[in-house]
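In the numbering used here, the protein residues as written are 3 to 722.
For each residue, glycine too, the CB sits at the ideal point set by N, CA and C.
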């Protein structure tokens with residue numbers, strides 16, 4: 003933290019305040035609202051303008067500091083968002099700095115109404131607002147220069163952090179305080195795309211130097227005098243409770259300071275992690291296992307299959323698919339399955355809490371600042387504004403650090419409160435894999451009728467899996483008439499179904515006792531696998547090329563065709579491959595972006611080997627192409643983990659996997675060559691953090707079908 007951390011919140015949030023000398027810009031821009039899935043919501047028309055929710059500071063030292071309300075967890079917003087400001091400001095990029103904003107209502111997300119990061123929404127939700135901030139600051143600096151020099155603002159030129167007019171010249175820092183005394187214009191003109199110098203150019207990340215030198219502070223790095231560490235013994239079965247415990251052996255260990263009971267279990271507080279873990283291992287806890295002690299994934303799968311044969315809530319419907327199926331030339335019936343999945347971020351969960359009589363400070367890599375702040379206030383009896391959250395860098399999130407219960411943060415607050423001292427509560431990876439939140443398991447049961455040309459004429463589709471939204475703050479926005487939009491996104495709104503006159507999508511949301519949560523790409527993580535696998539099955543049954551077949555189905559969707567054709571071209575679709583290799587293609591839209599991927603695979607000693615993945619993405623305006631490439635590469639790696647390895651199983655209520663030796667993720671030696679191609683576009687920006695994950699599993703499965711003749715309909719993929 004720099005000198006800003008010592009400024010009072012009231013002074014800091016006051017538009018036009020001088021902090022450490024310079025210009026502070028508060029800004030707000032009404033923005034059309036969008037759902038996490040990339041679809042448009044009905045824009046609200048607020049009676050009054052929303053409060054300012056982001057700030058730009060131009061320092062007297064020529065620095066340009068951007069405060070971002072979103073969390074940097076590897077997705078690159080510490081670079082993309084400042085690029086928007088620097089573009090309109092005509093700043094010297096080498097002088098741009100970034101800080102995480104404090105937790106406060108003014109930083110609420112324009113869609114979700116709270117400070118959060120998720121849904122691949124950070125860049126597109128701030129695209130206009132951050133540019134307006136840069137343009138406003140530029141206008142004030144120009145006004146200040148023009149006033150000093152006695153010239154018209156129109157006669158001033160701005161470039162690379164310097165304003166000039168005739169023989170006059172001044173750096174931003176020299177004008178900052180004078181600009182701060184001026185009244186900001188109500189409207190500013192934004193640059194035309196043809197005049198952009200930074201947006202659309204591959205730009206190196208601003209957080210890279212800190213991370214490669216070790217200066218970057220993640221939650222696990224937080225330390226200060228008097229800080230203790232805690233590890234919590236949590237129930238072995240979800241919903242279980244403590245009947246009794248004996249802490250004598252734990253307390254006898256060197257370094258153990260206290261053993262306290264909290265709502266989530268028994269916490270051992272010690273001088274350091276190892277003492278806390280040894281103390282937890284020495285605890286004798288008797289559990290009341292509760293109603294979920296018989297949970298079993300095989301039994302759940304059988305129950306899902308039973309539900310799939312019953313009528314569900316209708317998520318999409320057109321025509322009479324039952325009648326159309328009877329008239330079809332042929333029918334295809336298929337069941338697709340995907341398992342429960344853990345998020346497994348590289349940095350295990352942790353949060354540090356210090357509680358004083360009138361203040362609570364929290365250091366955490368979190369995606370949900372507003373909820374964490376509210377929950378901490380309830381636990382401590384303080385007001386939300388008395389809870390200060392220091393957002394650190396996140397060592398991976400993928401949704402796990404955005405829980406509607408604020409589980410890992412609230413637990414840390416409970417521990418610090420019970421211990422009466424500042425405490426960092428740390429989860430081991432085993433803790434998170436066995437006691438966290440999961441991507442739900444899903445069953446898709448589909449019956450498709452095709453005409454005499456092999457094209458789909460009827461489509462009946464049942465989706466069975468737990469809702470991730472019911473009971474969360476997102477429910478009012480995204481659950482309508484009982485339909486969890488995230489369970490069926492990518493199916494109910496599929497462009498393929500839009501071209502089929504008779505179709506129906508049913509949804510079942512069973513409750514199992516297993517806590518579930520959004521996972522990178524949310525519902526698209528399973529619906530893309532199903533839809534693109536089915537389309538490939540139909541193409542092969544019709545004896546048509548899979549790319550040509552998709553072109554026919556997507557003839558009225560030019561952006562989809564653009565991504566499909568670019569991926570096929572760059573992958574050399576239809577050209578010869580080495581013996582024993584095959585290609586598969588998949589295309590999916592999510593979070594406002596369209597991604598097509600071609601996977602080249604082989605089978606070596608019975609194991610699936612992915613050699614190359616060619617990606618084409620249409621994400622609208624590409625703010626930072628370098629960041630987009632990195633995120634598509636990351637999405638492929640993440641998706642391949644689920645495609646080839648990862649799964650969670652329950653027996654007698656207990657998760658069977660524990661760490662990376664049995665909850666397997668992609669290894670370095672398995673990483674394929676990934677080539678990313680960006681479709682030039684003037685459309686509004688879409689997301690890029692998540693859309694690269696959904697197409698890779700079906701692309702690999704489709705390649706395996708072409709290579710081996712085996713149609714694999716369950717993840718992770720296993721050859722017979």
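Identify whether residue i lies in helix, strand or coil by the three-state DSSP scheme.
i: residue 548; result: helix
i: residue 90; result: helix
i: residue 73; result: coil
i: residue 246; result: strand
i: residue 109; result: helix
i: residue 24; result: strand
i: residue 490; result: helix
i: residue 482; result: strand
i: residue 348; result: coil
i: residue 440; result: strand
i: residue 716; result: strand
i: residue 342; result: strand
i: residue 656; result: strand
i: residue 532; result: helix
i: residue 387; result: helix
i: residue 467; result: strand
i: residue 98; result: strand
i: residue 504; result: strand
i: residue 259; result: strand
i: residue 722; result: coil
i: residue 54; result: At residue 54 the pLDDT is 29, less than 50, meaning the model places this residue with poor confidence and gives no usable figure here.
i: residue 129; result: helix
Going by the DSSP bridge assignment, what does residue i pair with across the sheet?
i: residue 458; result: 452
i: residue 584; result: 603
i: residue 649; result: Per DSSP, none; premise fails for residue 649.
i: residue 333; result: 451
i: residue 679; result: 618
i: residue 361; result: 358
i: residue 591; result: 596
i: residue 81; result: Paired residues: none, contrary to the question.
Keeping to the same chain, check which residues put their C-beta closer than 6 Å to that of residue i; ignore five residues upstream and five downstream.
i: residue 351; result: 410, 429 and 434
i: residue 279; result: 233
i: residue 337; result: 447
i: residue 524; result: 488
i: residue 415; result: 355, 378 and 381
i: residue 8; result: In this prediction, residue 8 scores a pLDDT of 34, lower than 50, which makes its location untrustworthy; the coordinate-derived value is nonetheless stated afterwards. Excluding residues within five positions, none has a Cβ falling inside 6 Å.
i: residue 373; result: 408
i: residue 462; result: 323, 449 and 506
i: residue 683; result: 620 and 622
i: residue 342; result: 440, 443 and 650
i: residue 635; result: 676
i: residue 159; result: 166
i: residue 643; result: 667 and 668
i: residue 710; result: none
Less than 7 Å between C-beta atoms, sequence neighbours within five positions excluded: which residues of the same chain meet that for residue i?
i: residue 155; result: 144, 145 and 148
i: residue 314; result: 464, 508, 509 and 510
i: residue 322; result: 504
i: residue 474; result: 406
Could you round the C-beta distance between residue i and residue j to whole angstroms and report it? I think they count as a contact, below 8 Å.
i: residue 353; j: residue 366; result: 4 Å
i: residue 307; j: residue 91; result: Between residue 91 and residue 307 the Cβ distance is about 58 Å, and since that is not below 8 Å, they are no contact.
i: residue 600; j: residue 585; result: 6 Å
i: residue 179; j: residue 62; result: 7 Å
i: residue 402; j: residue 519; result: 7 Å
i: residue 417; j: residue 264; result: 6 Å
i: residue 661; j: residue 361; result: Not really, about 37 Å apart at Cβ, beyond 8 Å.
i: residue 192; j: residue 137; result: 6 Å
i: residue 139; j: residue 25; result: 6 Å
i: residue 1; j: residue 466; result: Lying outside 3 to 722, the shown extent of the chain, residue 1 is not represented and no answer is given.
i: residue 268; j: residue 235; result: 5 Å
i: residue 423; j: residue 285; result: The Cβ separation is near 20 Å, so there is no contact.
i: residue 618; j: residue 681; result: 6 Å
Apart from the five residues just before and just after residue i, which ones in its own chain have a Cβ nearer than 8 Å to its Cβ?
i: residue 547; result: 541 and 576
i: residue 289; result: 237, 238, 239, 242, 243, 244 and 245
i: residue 702; result: 586, 601, 603, 610, 612, 642, 645, 646 and 719
Whole beta strand (DSSP E) elements within the segment 595 to 642, 3-residue minimum: 595 to 606 and 609 to 620
Residue ranges of each beta strand (DSSP E) within the segment 153 to 207, 3 or longer: 159 to 161, 164 to 167 and 170 to 173
Which runs of the alpha helix (DSSP H) spanning at least 4 residues fall entirely within the segment 398 to 431, listed in chain order? 409 to 421
Which ranges would you report for the beta strand (DSSP E) in the segment 267 to 326 if only whole runs of at least 3 residues count? 267 to 272, 286 to 290 and 315 to 320
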